[in-house]
Amino acid sequence: MSSTRDIDALIDMMARLPGLGPRSARRAVLHMIRKRTLLLTPLADLMQTVAATARECARCGNIGTTEICDICASPKRAKGQICVVEDVADLWAMERGQAFRGRYHVLGGTLSALDQVGPEALRIPQLVARVAEEEVTEVILALNATMDGQTTAHYIADQLDGTVTLTSLAQGVPIGGELDYLDDGTIGAAFAARKSI
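Position 33 of the sequence shown, counting from 1, maps to 36 under this note's numbering, and the rest follow consecutively.
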């Protein structure tokens, strides 16, 4: 029996994480072992706690430790707006930007005929119900500018047609972007969404 079996298993497990390959996982595990009391033990304790308490918000699909997440429970958040995102990572990115002070709805993915993901596999019916039950005046579709993201946005727009104002995030040239480095689709979207100055 190998004396490093558990360490090798930890490296293999870490290598499965997004953004970490076998080499990065080895470096991370070695660093944690060297700083056992500062990193490894507290990390193990936190992982055990999160594994036991993490859950999806029953209302929006965000991740938290209570049935209703802090965003949905906050009386300071605007109740009239719902920003629809594909997954929790997108919600967290929007929160980092601090540009939106309303509530969210996490779909859990996008429609995809190739992957056989239909509306029933996503949280689209819950979104339609929320719009009907809550005092929603605007639904902001903040979906990725991919074919599946746009297909999902069009489907949601059809489902909510006439019940609420529908908007989407602007698309086009990023701040600091150079036209020569942009793809044709981004340039086309930026040109179509041009505004007067």
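By construction, the Cβ of each residue, glycine as well, lies at the ideal position given by its N, Cα and C atoms.
1) Spell out the partners DSSP gives Arg-58 in its beta bridges.
2) So, with DSSP's three-state summary, where would you put Asp-27?
3) Kindly list the residues whose CB is nearer than 7 Å to the CB of Met-17, restricted to its own chain and excluding five residues on each side of it in sequence; keep chain order.
4) Between Val-142, Val-120 and Gly-121, which lies nearest to Leu-130 when the distance is taken from Cα to Cα?
5) Rounded to whole angstroms, what's the CA-CA distance from Asp-15 to Gln-101? Just pull it up for me.
6) Got a sec? Which residues, its chain only, sit under 7 Å from Thr-52 by beta carbon, not counting five neighbours each side?
7) Thinking just about the alpha-carbon of each residue, which of Leu-144, Pro-128, Lys-82 and Asp-118 is nearest to the one in Asp-94?
8) On the criterion of 16 or more Cβ atoms from any shown chain inside 10 Å, does Gln-119 qualify as buried, or is it exposed?
9) Buried or exposed: which applies to Arg-126, given that a residue is buried once 16 or more other Cβ atoms fall within 10 Å of its Cβ?
10) What is the DSSP secondary structure of Ile-178, reduced to helix, strand or coil?
11) Per DSSP, which one or two residues make a beta bridge with Glu-141?
12) Within the continuous alpha helix (DSSP H) that includes Tyr-158, where are the two ends?
Judging by the given coordinates:
1) Gly-67
2) Note on identity: in this sequence residue 27 is Ser, with Asp being the wrong assignment. Reduced to three states, the DSSP call for Ser-27 is helix.
3) Leu-23, Ala-28, Ala-31 and Val-32
4) Val-142
5) 36 Å
6) none
7) The question names Asp, yet the displayed sequence has Leu at residue 94. Residue Leu-144 is the option with its Cα nearest to Leu-94.
8) exposed
9) buried
10) coil
11) Gln-84 and Thr-168
12) 150-163
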